[in-house]
Amino acid sequence: MSIFSITGNDLLELGYPEGPVFKVLIEAVNQHYSAHSSAEVMGLLKRLLSDPAAFIEDVQLSEAAALLLSVKDNKTVSLLPEPVPYKIYGEEYIDPNAMKQINQAVKLPVAVAGALMPDAHPGYGLPIGGVLATNQAVIPYGVGVDIGCRMCLSILDLPVASLKASQETYVKSLNVHTKFGAGAEWRKREDHEVLARPEFKETQLLRQLFDKAAGQLGTSGSGNHFVEWGVVTITEAQPELNLAPGQYVALLSHSGSRGLGAQVAGHYTRLAKELCELPEGYKHLAYLDMNTAEGQEYWAAMTLAGDYASACHHVIHRKLINATGATLLARVENHHNFAWKELYEGQEVIVHRKGATPAAEGTQGIIPGSMTAPGFIVKGKGVAASLQSASHGAGRVLSRNVAKAQIKPDEMRKVLADHGVVLLGGGLDEAPAVYKDIRKVMSAQSELVEVIGEFTPKYVRMADGGPAED
DNA sequence: ATGTCC
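Per this note's numbering: the first sequence ends with 472, consecutive numbering throughout.
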């Protein structure tokens with residue numbers, strides 16, 4: 003007969019809420035159950051956690067059961083004893099810390115299903131590249147700080163030869179009509195109907211944020227955001243895009259909802275943490291009940307931030323297309339940090355995509371590679387196991403700090419020159435070498451999306467990189 | 001991601 007004992011880690015693994023119940027339960031089990039098998043005790047502990055009321059008169063476990071019931075009354079949320087189903091795509095390319103984060107998210111009591119995309123890397127709460135479906139709950143950090151961060155591609159009627167022949171015009175258009183950097187605002191403000199939205203008058207938060215949003219309309223921010231001219235190659239006729247096979251000049255942008263979305267995310271994450279107390283290590287996953295005023299308020303603010311992000315892209319594209327005198331032939335755009343109401347196995351769920359491209363059957367999207375690697379125009383296949391999602395890019399392999407310490411400016415210049423790419427701004431932390439191989443990432447998700455076109459960057463503008471690390 | 005704590 004072996005002597006068996008449990009530890010606090012065992013209880014954490016089982017999803018027990020941290021607190022006095024730990025000490026009481028460890029003592030009770032080690033005193034009264036040490037002669038039982040590990041499997042027997044674990045089974046008992048699972049039953050106790052899922053239904054403490056059934057143990058309230060149990061000789062050995064009544065105290066623990068009472069504590070568990072009072073914890074529930076005190077709104078500390080208990081995790082699921084078993085995770086809901088989730089599928090990982092391209093596991094061999096994914097950081098273990100991102101795996102750990104999706105493993106936590108699928109134990110939330112509101113979780114319905116999850117998925118992890120092949121470009122995944124760690125984030126706050128849900129990993130970047132993480133997808134989570136929940137029941138009647140929205141997780142502000144499941145959407146992310148940059149609410150509505152999205153891609154927008156305009157395919158134009160300009161001759162491809164003009165890219166080289168009129169290099170100066172294209173480069174100048176980026177310098178004149180885009181604005182990058184944290185806090186960047188246009189001195190002469192742009193206009194767009196999104197600024198007339200009633201939501202800007204309906205909460206104190208959005209009233210406060212309106213002026214900054216008006217100033218930042220049509221700016222791009224910093225980090226991995228970009229605006230670039232390049233070449234779209236279509237190999238087969240695409241009726242949905244109304245495009246014949248061939249090559250086209252195109253404009254591609256990547257940016258989000260700027261200060262507006264960041265402040266909305268911060269505000270409602272703080273609120274969610276107050277209303278939804280989760281165990282240690284899970285707190286960034288705090289959620290709002292969709293059937294409360296707070297949940298509905300976040301949803302409205304998130305929707306506005308998403309539409310604002312779209313408006314920013316449209317302002318940028320309008321100005322750059324005007325600068326070249328082009329005509330728009332086709333446009334593809336998609337959010338990749340957002341939450342949607344969708345059906346999963348017949349149930350309405352809230353699908354959070356934090357750095358993941360919507361890929362419902364026939365839905366078009368853009369998955370960028372890097373400055374020197376192609377991006378892909380894709381059409382979703384509607385695979386339920388991925389919650390109808392795909393990656394939102396190649397994903398980083400080097401952190402910003404490591405990149406700034408390791409990559410030499412001359413190496414980066416050479417890679418750009420070898421690919422015929424002109425870069426305005428941009429830092430070592432955005433060098434092509436910091437990204438995974440987009441072709442490997444695409445093959446890891448070939449069952450999720452069909453590629454219908456490629457985009458190759460030529461003239462790229464980004465925010466100036468930060469200072470190099472020592 | 002954001003002028004890095006409303």
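Note that beta-carbon positions come from the ideal geometry of N, C-alpha and C, so glycine has one too. Fair warning: this is a prediction, and the values are worked out from it, not measured in the lab.
task: Determine the contact status of H421 and T374, defining contact as a CB-CB distance below 7 Å.
output: yes
message: Using the Cβ count rule (16 or more neighbours within 10 Å means buried), how would you classify D472?
response: For D472, the predicted model reports a pLDDT of 47, less than 50, meaning its position is unreliable; a value from the coordinates is still stated below. Under this definition D472 is an exposed residue.
- request: Have a look at R333 and P111 and give me their C-alpha separation to the nearest angstrom.
  value: 40 Å
task: Spatial neighbours of P281 within its chain, please: CB distance less than 7 Å, with the 5 preceding and 5 following residues excluded, ordered by chain position.
output: P19, E20 and L81
- request: Determine the extent of the alpha helix (DSSP H) in which P120 is found, giving its start and end residues.
  value: Counting along the chain, P120 falls outside any alpha helix (DSSP H), though it belongs to the beta strand (DSSP E) covering A113 to H123.
Proximal residues to P1 (C-beta, below 6 Å), its chain only, five neighbours per side dropped: Beyond the ends of the chain as shown, which are 3 and 472, falls residue 1; an answer cannot be given.
- prompt: With respect to the alpha helix (DSSP H) encompassing R441, which residues constitute its N-terminal and C-terminal limits?
  reply: I440 to A446
message: Could you compute how far the alpha carbon of K275 sits from the alpha carbon of P22?
response: 21 Å
task: Enumerate, from N- to C-terminal direction, the unbroken beta strand (DSSP E) stretches of 3 or more residues contained entirely within the segment 364 to 432.
output: 366 to 369, 377 to 382, 391 to 393 and 424 to 428
Cα-Cα separation, G45 to L69: 19 Å
- prompt: Can you tell me whether DSSP reads Q9 as helix, strand or coil?
  reply: First, the residue type needs correcting, since residue 9 is Thr and not Gln in the sequence shown. In this structure, T9 counts as coil in the three-state DSSP scheme.
- prompt: Between L16 and I149, what straight-line distance do the alpha-carbon atoms span, to the nearest angstrom?
  reply: 33 Å
- prompt: When the distance is taken between beta carbons, is A66 closer than 7 Å to A30?
  reply: yes
query: Is it a yes or a no for the segment 158 to 168 touching the segment 126 to 145, going by three-plus beta-carbon pairs under 8 Å?
result: no
field: Coil, strand or helix - V108 by DSSP
entry: coil
query: What distance in whole Å lies between the Cβ atoms of V251 and L158, which are believed to be in contact at a cut-off of 8 Å?
result: 5 Å
- prompt: Going by other Cβ atoms of all chains shown within 10 Å of its Cβ, with 16 needed for buried, is P459 buried or exposed?
  reply: buried
task: Give me the Cα-Cα distance between M3 and K285, rounded to the nearest whole angstrom.
output: Confidence is the limiting factor: at M3 the pLDDT is only 48, short of 50, which leaves the residue's position unreliable, though a coordinate-based value still follows. Distance between the alpha carbons of M3 and K285 is about 40 Å.
Proximity of H354 and L134 at Cβ, strictly below 7 Å: yes
task: With DSSP as the reference, please indicate the residues paired to V334 in a beta bridge.
output: L155
query: Would DSSP call N226 helix, strand or coil?
result: coil
query: When DSSP labels each residue in this structure, what does W301 get in the three-state scheme?
result: helix
task: Look up A239 in the DSSP assignment and give the residues it is bridged to.
output: Per DSSP, none; premise fails for A239.
task: Have a look at the DSSP bridge pairing and note the partners of S257.
output: R152
field: Reference G220, options E242, F202 and G183, closest by Cα
entry: G183
message: For the pair the segment 439 to 447 and the segment 385 to 397, tell me if three or more CB-CB distances fall below 8 Å.
response: yes
query: Between S7 and S36, which are expected to be in contact by the criterion C-beta below 8 Å, what is the C-beta distance as a whole number of angstroms?
result: 6 Å
- request: Could you have a look at K181 and say whether DSSP puts it in helix, strand or coil?
  value: coil
Closest by C-alpha distance to K203, when choosing among E238, L118, V404 and L306: L306
message: Please tell me whether L447 and P120 are closer than 7 Å, where the distance is taken between their beta carbons.
response: Sequence inspection shows Gln at residue 447; the Leu mentioned does not correspond to that position. Yes.
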